[in-house]
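Engineer: What follows is a structure written as structure tokens; I'll ask about it next.
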Amino acid sequence: MMRGSNRPYVCWRCLTAKTPLAPASSGLRFTPQLQSPSDISRRSYAGARYKYGGGGGGGGRRRGNLVTASHEELAHIREKSDIRERLREWESANREPSRRMLEDIPMQNTPLYNFLTRPDVLSNIREDEEETELQRNSRKNRVLFEADELADLRGSTSALLVGDLIETRQARRYGYGRLPVLAICLGRHHGLQYFYMSTGEVVPERNIPTLFTLTNFVPQAKLQPLIDILPEDPVTNPPNVLFHKHTPAALKAASRLQGELIKFYQDSVSFYQSHLTLDTAGSFLAHHDHPQYLNLEELADKLLPEYLKQQERFPPHALYAVHTALQRDDWTFRPLNAKWHRRNYIYEVRPAADIRILRKVENQVRELVEGAALRDNPAESISLLRKNSLGSFILKARGVIQTNRLWREWTPHGMIGPSDENNDNLASWTKQDVDYIRFMELWSCHRIVPKASQLESLGATILRLTKMYEEADWLAHWTGFTFLQEIGWIPPWEIPARYEYRFPDAKVHRGADMVMPPVDINSSFRPDIAQGHRRDWGETTVFCVDSEQTADVDDGFSIEATEDPGVHWIHVHIADPASRIDPKSELARQLQKAPSSLYLPGFPNKMMPRDLEQQFSLDPGRPALTFSAKVNERGDMLDYKVEPGTLQNVLHVPKNEVASILPGPQPRTPSDADAFAVGRPPAPPQPVKRITTAADLAQKDRDDLVLLDRLCAALKDRRVEKGQLPQFQPRFSSPEVSLDAVVVKGDPDVPDSMAWKGDPFIKLTHPHPTAADRLVERLMHTAGEVAAKWCQARRIPVPYSTQPEALRNLAELTAFRREHVDPVAARGEPVPVDALYNLFALVGTSELSADPAPFYSVGLDAYAKSSSPLRRFGDLVVHWQIHGALAHERATGRSLAGQDCSDTPDLLPWTRHALARALPGLQALQRQVKQVDNRDGPNQWAVQALLRAWRFGEAPLPARFAFVVDGLYPFGLRGRLENFYGLAASIDLARLDGVARLADVHVDDRFEVEIHDINVVTTLVSVQPLRRLAPAGTDAELRGADADVDADALTPA
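Residues in the sequence shown are numbered consecutively from 28, following our numbering.
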């Protein structure tokens, strides 16, 4: 990453490379000559040996494994080199104020890290000093502070068990390091997760990142002496427990653990060195033009010989050696976001075509850099830029950008300005040009190497040579994102979240929906597996409660009285594509690769092909698989069943209409004052199906809805007794985004520039859940409970939702809820964010399992999602398994209840073994979709809307905002804009000057702020504090005695 400057300079990587110094044509200057990757071994821990020019002897001296120049050679170099003179001349001619590069310890909230001058940020920096007031105050930092993130995107430490071995690259206190550190989990004690680190420390970690996990590395008995010394309150100065309490037993245990870690590492190193093919894994694993997604075990199967396996598994040190090799080839292998998976890590293997482009750009940039050393003003040297194809591309891109700026303003905020004008000058790009555009796309959009990498310097060099970004503070990936917008390759309002989807064979189209590979649907069909055995539901009223625009209706419900007073059957009718789609077909395999519908605002993409969606969406005459629960007024489930059927009397009733019938507060009518919007509103949407309003319903139907609501509330009460969590609201509803006002010129399939006239309509609203939302949620929980019970009784493997950490922490969890959560929820008040964090740390992660287990968050002994087979592949698997078992029961006339169907390939599409192997990948993809659709995408649209209002005046904004502190860090404060949808924001340390000392600030403090800067790509909103505000809800705040903030100024328009 290079900071903007008026003069280019040689890349630091070239200057610091240990390479031969070859004299240039003048005979006086030296140019760095980089070695090819094959010349230097990547086995750094084995000791790299570098050779310098001058032949085999050369007079150099050897120190250990390094070759150094002799005194005579150094003297000769100094005599011939005029570098000092040239630097003095350059400084004299180009004097300007010094500009700071990345700090060792950053002083602003930026996603950039300094790996240039400091290879690793050591974990024990300043630990010999007294604990500062800042460090004490920062103990209450909220690692996650947004309610909508906490549900399933919490820290990874909760999934670790006592004795697990992990590798981490986190350097405590000051962010992330690059050197791997091994650690052994000591378990959760006194509310914190403790680890014994390979550095010899015993420390607590709340959210430790890890990319390698080995379960049961050490039995708990060997860890007990260390567990016994763990304090009730975390120690400080330093936070190493062994520094404060070092009993002989603890020291002896630590010594033994250190020995086991050293042996494990040495075994891995020896294995790595004896298998040379690991260094070239990418050359024969990468597909030519498609990325692959494989877990570590699958990669090891392809890289290692079969005879190395022990009990059908490779030894742990061999897997770690493979992991190490993958980490070193970060251009080919990228571990997917650690939050998408827990104990089975997924790698993206870049296609060979992309690696070829990266190597090509590396060579072309090197040529330009070497040529730049011979020119006084390289960025303006036409002959230099025409020296190779990259330079020619840069010249062409410069002209395209200059033309584009006549229509759209450039900004340093990660997107260019809005425009309603036509741009008829569309550039055409050659095949060579497209390669360089692809490189910028890989760097800026796909972020194939998200941390510090050579890609940063290559991309920054290209941006620098365009001479179009001299006003940019950073030539970083977000500037590259703007570059792609300005050359017409991606829309001016594109959001990076679209490139986070990692689906095999899928392609993100420029400004259009994701393109999935074509599938032969007809060959994937089978005859209806339930043909002749479906129940005809006749005149039974089936309520489908969705929005008027929902086309993929996959659930409905009805109620049926029994002979016993107060006892009813609740029927949840689910769309039934599984009855016709062959689970072994090409379509089924494709759905597994993209296992969920995408609901990213502006770019929805359905899992099912549109024709199939319409064929199975619930309507009169459509098939359904019905999950039924027999319940009484107390909420007891007396019986359950699953049966296929055909629906006849289907009513589509919008949620607001249902809510108007149910008891309780009536839904609010949305008003413009509740929303914030930019852009031209679209025309009111029209219903996509026949709608039934509350006024159209017969009295019996209205009574049935009220009865269903009462029975579902009783079921909910029973689940609450077993631990079901209260409902938590997101900070804002998913934004409404419309591209109706955008006119597109160009074809995304043609490798030329495109133009977009107009900009999206973006609307933010506060969530207002209704009684209808709660009713539908409880009914879906009921369907999942019935599906799990039915499959559990037959030992049928399906994707069960489980929370194993909640069971381990049950006693502590119950006590914490009783004291901090349940009383607040009972009063109808929002649960404090710090209480939410601690609550979810105890609950842990939700894991898919082929075996049933309690699902604490919903308060059920077993739970299997089954209500959305049109939208989720996991639900489709549940239906396939149930249909297979039902067909067998009909054929034999006997129930399978009480039998073991876990390994019956002739009966079920998925055996337990096959499903267990598939679930980690399925869960990783589902988490990925959830992060993009529920967090990253909405956040980026919200920040984009804020930028368009702040920078371009598209909507009124308050002049000042209320900022609530969520965390204290060396760079400053992180928090949220209290009166603008809780949008995340930060205050840099330097901006606190004159307002407050960082050491005097605490979590939940409030400041009056104004916007200083916005970055749409990173979603960083930097604010300038003006003064402190009184705590929320205090008399001072209510009277306004401590502040003269205009109430209207703190309310979004």
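The C-beta atom is built at its ideal place from N, Cα and C for all residues, glycine as well.
DSSP on residue 556, reduced to helix/strand/coil?
Structural biologist: Position 529 of the sequence shown, counted from the first residue, corresponds to residue 556. Correct three-state label for residue 556: coil.
Engineer: Keeping to the same chain, check which residues put their C-beta closer than 8 Å to that of residue 1085; ignore five residues upstream and five downstream.
Structural biologist: Residue numbering for the chain in the displayed model covers 28 to 1080; residue 1085 lies beyond these limits and cannot be assessed.
Engineer: In its own chain, which residues sit with a C-beta less than 6 Å from the C-beta of residue 851, not counting the 5 before and 5 after it?
Structural biologist: Taking the first residue of the sequence shown as 1, we reach residue 851 at position 824. Once the five neighbours on either side are set aside, the close Cβ partners of residue 851 are 858.
Engineer: Whole-angstrom Cβ separation of residue 688 and residue 741, contact assumed at under 8 Å?
Structural biologist: Taking the first residue of the sequence shown as position 1, residue 688 is located at position 661. Taking the first residue of the sequence shown as position 1, residue 741 is located at position 714. About 18 Å separates the two Cβ atoms, so there is no contact after all.
Engineer: Quick one: give me the first and last residue of the alpha helix (DSSP H) that residue 418 is part of.
Structural biologist: Your numbering for residue 418 matches position 391 in the sequence shown. Residues 416-431.
Engineer: Mind checking who residue 650 pairs with in its DSSP beta bridge?
Structural biologist: Translated into the one-based positions of the sequence shown, residue 650 becomes position 623. For residue 650, which the question treats as bridged, DSSP gives the partners 673.
Engineer: What residues in its chain sit with their C-beta under 7 Å from that of residue 485, if we drop five residues either side in the sequence?
Structural biologist: On the sequence shown, position 458 is the one that residue 485 refers to. So the list reads 388, 389, 392, once near-sequence residues are dropped.
Engineer: Is the Cβ-Cβ distance between residue 795 and residue 898 less than 8 Å?
Structural biologist: As a first step, residue 795 must be located in the sequence shown, where it is residue number 768. As a first step, residue 898 must be located in the sequence shown, where it is residue number 871. Going by C-beta atoms, residue 795 is not nearer than 8 Å to residue 898.
Engineer: When DSSP builds the beta bridges, which residues end up paired with residue 600?
Structural biologist: Here residue 600 refers to the residue found at position 573 when the sequence shown is read from its first residue. Bridge partners of residue 600: 583, 653.
Engineer: What's the C-alpha gap between residue 32 and residue 783?
Structural biologist: Here residue 32 corresponds to residue number 5 of the sequence shown, with the count starting at 1. Here residue 783 corresponds to residue number 756 of the sequence shown, with the count starting at 1. For residue 32, the predicted structure reports a pLDDT of 40, less than 50, and the residue's modelled location is therefore unreliable. The matter cannot be settled from this model.
Engineer: Measuring straight from C-alpha to C-alpha, what distance separates residue 335 and residue 344?
Structural biologist: Here the question's residue 335 lines up with position 308 in the sequence shown. Here the question's residue 344 lines up with position 317 in the sequence shown. The alpha-carbon atoms of residue 335 and residue 344 are separated by roughly 12 Å.
Engineer: For residue 1011 and residue 927, I'd like the C-alpha separation in whole angstroms.
Structural biologist: The residue labelled residue 1011 in the question sits at position 984 within the sequence shown. The residue labelled residue 927 in the question sits at position 900 within the sequence shown. When rounded, the distance between both Cα atoms is 50 Å.
Engineer: Measuring CB atoms only, is the stretch 440-447 touching the stretch 492-502, in the sense that at least three cross pairs come out at less than 8 Å?
Structural biologist: As far as the Cβ criterion goes, the stretch 440-447 does not touch the stretch 492-502, which means the pair count is below three.
Engineer: Fully enclosed by the stretch 428-488, which alpha helix (DSSP H) runs are 4 residues long or longer?
Structural biologist: The qualifying runs are 458-468.
Engineer: In this structure, does DSSP put residue 703 in helix, strand or coil?
Structural biologist: Counted from its first residue, the sequence shown places residue 703 at position 676. Of the three classes helix, strand and coil, the one that applies to residue 703 here is strand, per DSSP.
Engineer: Does the beta-carbon of residue 201 have 16 or more other beta-carbons within 10 angstroms, so that it is buried, or is it exposed?
Structural biologist: As a first step, residue 201 is located in the sequence shown; it is residue number 174 there, counting from the start. Per-residue confidence for residue 201 stands at a pLDDT of 36, beneath the threshold of 50, marking its modelled position as unreliable; the derived number appears in the next sentence. By the neighbour-count rule (16 or more Cβ atoms within 10 Å), residue 201 is buried.
Engineer: Suppose you measure from the CA of residue 398 to the CA of residue 411; what does that come to, to the nearest Å?
Structural biologist: Locating residue 398 in the sequence shown gives position 371, where the first residue counts as 1. Locating residue 411 in the sequence shown gives position 384, where the first residue counts as 1. Distance between the alpha carbons of residue 398 and residue 411 is about 7 Å.
Engineer: Mapping the DSSP letters down to three states, classify residue 1001 as helix, strand or coil.
Structural biologist: Mapped onto the sequence shown, residue 1001 falls at position 974. If DSSP states are grouped into helix, strand and coil, residue 1001 belongs with the strands.
Engineer: With DSSP as the reference, identify every bridge partner of residue 1010, one or two as the case may be.
Structural biologist: Walking along the sequence shown from the start, residue 1010 turns up at place 983. Paired residue(s): 1004.
Engineer: By DSSP, does residue 685 sit in helix, in strand, or in coil?
Structural biologist: Working through the sequence shown from its first residue, we reach residue 685 at position 658. Helix, per DSSP.
Engineer: Can you list, in chain order, the residues of its chain with a C-beta nearer than 8 Å to that of residue 246? Leave out the 5 residues immediately preceding and following it.
Structural biologist: As a first step, residue 246 must be located in the sequence shown, where it is residue number 219. 190, listed in sequence order.
Engineer: Thinking C-alpha only, which one of 952, 931, 493 is nearest residue 900?
Structural biologist: In the sequence shown, residue 900 corresponds to position 873, counting from 1. Nearest C-alpha to residue 900: 952.
Engineer: What is the DSSP secondary structure of residue 1054, counted as helix, strand or coil?
Structural biologist: To locate residue 1054, count along the sequence shown from 1; it is residue 1027. Looking at residue 1054 - three-state DSSP - the assignment turns out to be strand.
Engineer: By the 10 Å Cβ neighbour count, where 16 or more other Cβ atoms means buried, how is residue 968 classified, buried or exposed?
Structural biologist: On the sequence shown, residue 968 is found 941 positions in, with the first residue counted as 1. Residue 968 comes out buried.
Engineer: Does the Cβ of residue 507 have 16 or more other Cβ atoms within 10 Å, making it buried, or fewer, making it exposed?
Structural biologist: Position 480 of the sequence shown, counting from 1, holds the residue named residue 507. The residue in question, residue 507, is buried, as its Cβ has 16 or more Cβ neighbours within 10 Å.
Engineer: Fully enclosed by the stretch 286-341, which beta strand (DSSP E) runs are 3 residues long or longer?
Structural biologist: Runs found: 319-322.
Engineer: Applying the 10 Å Cβ sphere with the 16-neighbour rule, what's the burial state of residue 922?
Structural biologist: If you number the sequence shown from 1, residue 922 lands on position 895. With fewer than 16 other Cβ atoms within 10 Å, it is exposed.
Engineer: Could you check which residue in 349, 609, 237, 613 has the C-alpha nearest to that of residue 554?
Structural biologist: One-based indexing of the sequence shown puts residue 554 at position 527. For the residues 349, 609, 237, 613, the minimum Cα distance to residue 554 belongs to 609.
Engineer: Is the beta carbon of residue 798 sitting closer than 8 Å to the one on residue 736?
Structural biologist: Looking up residue 798 in the sequence shown gives position 771. Looking up residue 736 in the sequence shown gives position 709. Yes, the pair counts as a contact, with Cβ atoms nearer than the cut-off.
Engineer: Would DSSP call residue 1059 helix, strand or coil?
Structural biologist: Position 1032 of the sequence shown, counting from 1, holds the residue named residue 1059. Three-state result, residue 1059: coil.
Engineer: Three-state secondary structure (DSSP) at residue 739?
Structural biologist: Reading the sequence shown from its first residue, position 712 is the one you call residue 739. DSSP places residue 739 in helix when its eight states are reduced to three.
Engineer: Using the C-alpha atoms, what's the distance from residue 823 back to residue 983?
Structural biologist: By one-based count along the sequence shown, residue 983 stands at place 956. By one-based count along the sequence shown, residue 823 stands at place 796. Distance between the alpha carbons of residue 983 and residue 823: 57 Å.
Engineer: Measure the C-alpha to C-alpha separation of residue 1058 and residue 755 and round it to an integer number of angstroms.
Structural biologist: Within the sequence shown, the letter at position 1031 stands for residue 1058. Within the sequence shown, the letter at position 728 stands for residue 755. Distance between the alpha carbons of residue 1058 and residue 755 is about 23 Å.
Engineer: Could you check which residue in 261, 358, 338 has the C-alpha nearest to that of residue 308?
Structural biologist: Looking up residue 308 in the sequence shown gives position 281. With distances taken between Cα atoms, residue 308 lies closest to 358.
Engineer: Which word fits residue 844, buried or exposed, when buried means at least 16 other C-beta atoms lie within 10 angstroms of its C-beta?
Structural biologist: For the purposes of this step, residue 844 is taken as residue 817 along the sequence shown, with counting starting at 1. Buried: at least 16 other Cβ atoms inside 10 Å.
Engineer: In angstroms, rounded to a whole number, what distance separates the CA positions of residue 1153 and residue 861?
Structural biologist: Lying outside 28 to 1080, the shown extent of the chain, residue 1153 is not represented and no answer is given.
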